[in-house]
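In this note's numbering, the protein residues as written are -7 to 526.
These notes concern the structure reproduced below.
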Amino acid sequence: MSVDPRIPERNRLLAALDREGFTGAYLAVGGLNRLFQEAPGLADADSSAALGRVILSGRFSREHQAFFLYRAAADILVSLLDGGGHEKSPPTLQILDAVLETTQGHPHRAAAEAVGALPLSISGPAVPETPGGGEPVIGWRAFLDHAGIPGAMTTGIAGRSLILAKPGTDEVLAVKLARPEDRPESLCRESVWADLIGARRHRFCGRFDIPRPQPVMGRRLFRLSRPPAPRAGSTPLHPGGFAAAFWVHREYFTYPNSHHPEQALPEARFLDILCRNALLLGQLSGMGVLHTAPIPLFHNRIQRTRRSDLGVYEWHRGGRLDRWLFSCRYPNFGVTGVRDFEHFSSLNGSVRGLYRAIGTQLLGLLLVAGSYFRNKQPDRFGFDPGGRPVDVRHLFDPPLLDALVRGIFSHFYEGFVGRAYLGSHRLRTQGLVDRLIEEMGVDRHMEEILRTADQDRMSDEAFRAHLLGRGLDAAGIAGLRKGARDIVLHTGPHLGGFNQQISLPELIHFLETAAAICIAHRFAAARRLPLRSG
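Okay, structure coming up:
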């Protein structure tokens, strides 16, 4: 049996990984990548170990281009895991697990993003097109008769939804009204998703009350010619009167972290609800159904109209998180399970989108967990009378927050991977919990800057309304001229200074680890690779 003449070259490159400086190691990684692409059989356990040492040692972390070296090494490990066969894959998976669990900074991010690109056989459901036009028009009284609701019923309001009780049952009819800035088709899309998920209800564990659409003349989307007059200060409605209706349980609008202290849930029930929703989101993600907005998250809300990303928060970039506590006020999950299906997206394409979506869902759950403690005293935020940041760290219960962090991850993992997480003692949460309390419990970052470029995009009326909505009074506004200068507003608490990095990098690190572990272990389960239990 002849010996492959490229083996000496492989051994030379592997030795260079341990001996050479940054440039030599970078060139060696590139050489190994080319060699293994030409001859995958040359990769062995020593190859995985040598590449793992480059990342685990962190000896190049101070180099300006270190991330690219670590990412190149991690990409090779991932390719070996994907194509290495039953003998080579388990040790490679263990190396990647070790990198995710023990490294920080560039090595960690590089490995997490590489693992996040592992190929998974997940494809979401095909979502039928929801073209607009031809919506039936119906009056309010006629709609009530059509839905079988007594005409004299009192109308309740939750956000932009009109709530009608059905006598003798626990159901209510939620009539969701489009706002001026909404695309009416999104309401129709939510109805389509409700039917798609409803057809799969048998696949979910625990309570998940899926809304049932109430069509009008066979159409999901309709127009109300004379909807009830909105209450003072409520959200303006679309001039076309577009609406969609859904039957839901009366607890659908019960929020787990209510900012009304008298509605606060007991700790054990709050923990149960967040863990159950984490499980549901994991199961949905495993089916290729991604919830893109468990809570509305932004980097800078004010810059939404002039940013290509619309100001939406991209956690993997690690930027400042805008008005985190306000974002948690009405989460899109609660007592009845996951809700607001208009934010569902079907996974059909890049697996990298899955890695980022997992992180977004976990981030929303973790932020809501933190808000539960702050909402014990919801009026305490900002600065105290002496101008110092409000400090309410005493409201947090560290053991409960630790149980929430662990429970959220382990339940999402179980829903996504399809088995219990067996490495709970390796999930280092104590340092994260301490930092969550430090940053969520002290309002150090309150500033938002209204740039002149954003002011110029506003009408005079919108400029005044924006400032009033941010806490300025009429006297304070009178001295400000639109577009004259940047205006500093106190709109937080935020996590990080304006246009700076997040003040909780430990949270981003945790999301990188959690999302990558979920994907790696789902991959391993599909390939029947052994996973470490300790």
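Even for Gly, the Cβ is constructed at its ideal location relative to N, Cα and C.
For clarity, every value in this text was computed on a predicted model and none was experimentally measured.
Pairwise C-alpha distance: residue 200 and residue 194: So the alpha carbons of these two residues sit roughly 10 Å apart.
What three-state label does DSSP hand residue 513 in the structure shown? helix
Note the first and the last residue of the continuous alpha helix (DSSP H) segment covering residue 365. 344 to 366
Between 117, 133, 52, which has its C-alpha nearest residue 529's C-alpha? Residue 529 cannot be examined here, being either before or after the span of the chain that is shown, -7 to 526.
Give the straight-line distance between the Cα atoms of residue 494 and residue -3, rounded to the nearest whole angstrom. 51 Å
Can you list, in chain order, the residues of its chain with a C-beta nearer than 6 Å to that of residue 129? Leave out the 5 residues immediately preceding and following it. So the qualifying residues of the chain are 215, 217.
Length of the line joining the Cα atoms of residue 489 and residue 371: 22 Å
Beta-bridge pairing of residue 337 - partner residues as DSSP gives them: According to DSSP, residue 337 shares a beta bridge with 282.
C-alpha gap between residue 157 and residue 253, whole angstroms: Counting only the Cα atoms, residue 253 lies some 25 Å from residue 157.
Considering only their Cβ atoms, is the gap separating residue 485 from residue 310 smaller than 8 Å? no
The alpha helix (DSSP H) enclosing residue 68, as first and last residue numbers: 58 to 75
CA-to-CA distance, residue 304 to residue 267, given in whole angstroms: 25 Å
How about residue 17 and residue 28: are their beta carbons less than 8 Å apart? no
Out of 345, 400, 219, 189, point me to the one whose CA is closest to residue 148's CA. 219
One question on the structure: do residue 512 and residue 85 come within less than 8 Å of each other, judged by their Cβ atoms? yes
Which residues DSSP lists as bridging residue 330, in chain order: 325
How many Å lie between residue 468 and residue 377 at the Cα? 19 Å
How many angstroms separate the CA atom of residue 224 from the CA atom of residue 114? Because the pLDDT at residue 224 is just 48, under 50, the model does not fix this residue reliably, and the value given afterwards should be weighed accordingly. When rounded, the distance between both Cα atoms is 47 Å.
DSSP bridge partner residues for residue 316 (one or two, in chain order): Looking at the DSSP assignment, residue 316 forms no beta bridge with any residue, so it has no partner.
Pairwise C-alpha distance: residue 392 and residue 325: 20 Å
For residue 464, the three-state DSSP class (helix, strand or coil): Three-state result, residue 464: coil.
Closest to residue 353 by CA distance: which of 293, 461, 182, 271 is it? Taking only the C-alpha atoms, the option nearest residue 353 is 271.
Endpoints, beta strand (DSSP E) assigned at residue 240: 234 to 241
Can you tell me which of the three DSSP states residue 215 falls into? strand
Between residue 44 and the rest of its own chain, which residues show a CB-CB distance below 6 Å, the 5 nearest in sequence each way excluded? 87
Let's test the definition: count the other Cβ atoms within 10 Å of the Cβ of residue 121 and tell me whether it reaches 16, buried, or not, exposed. exposed
Identify whether residue 440 lies in helix, strand or coil by the three-state DSSP scheme. strand
Keeping to the same chain, check which residues put their C-beta closer than 7 Å to that of residue 517; ignore five residues upstream and five downstream. 409, 410, 411
Give me, in chain order, the residues of the same chain whose beta-carbon lies closer than 6 Å to that of residue 5; leave out the 5 immediate sequence neighbours on both sides. For residue 5, where only same-chain residues beyond five positions count, the Cβ hits under 6 Å are 20, 23, 24.
Just list the residues that DSSP pairs residue 150 with in beta bridges. Assignment of beta-bridge partners to residue 150 by DSSP yields 153.
What are the boundary residues of the alpha helix (DSSP H) that includes residue 163? Taken as a continuous stretch (DSSP letters only), residue 163 belongs to no alpha helix (DSSP H), being part of the beta strand (DSSP E) at 163 to 169.
Is it buried or exposed for residue 515, if we count other Cβ within 10 angstroms and need 16 for buried? buried
Reduced DSSP secondary structure (H/G/I, E/B, other) of residue 50: coil
Check this for me: beta carbons of residue 323 and residue 356, under 8 Å apart or not? Contact flag set, yes.
Go ahead and pull the three-state DSSP assignment for residue 224. Here the model assigns residue 224 a pLDDT of 48, short of 50, so the residue's position is not dependable and the matter cannot be decided.
The alpha helix (DSSP H) with residue 392 in it runs from where to where? Segment 390 to 409, the alpha helix (DSSP H) holding residue 392.
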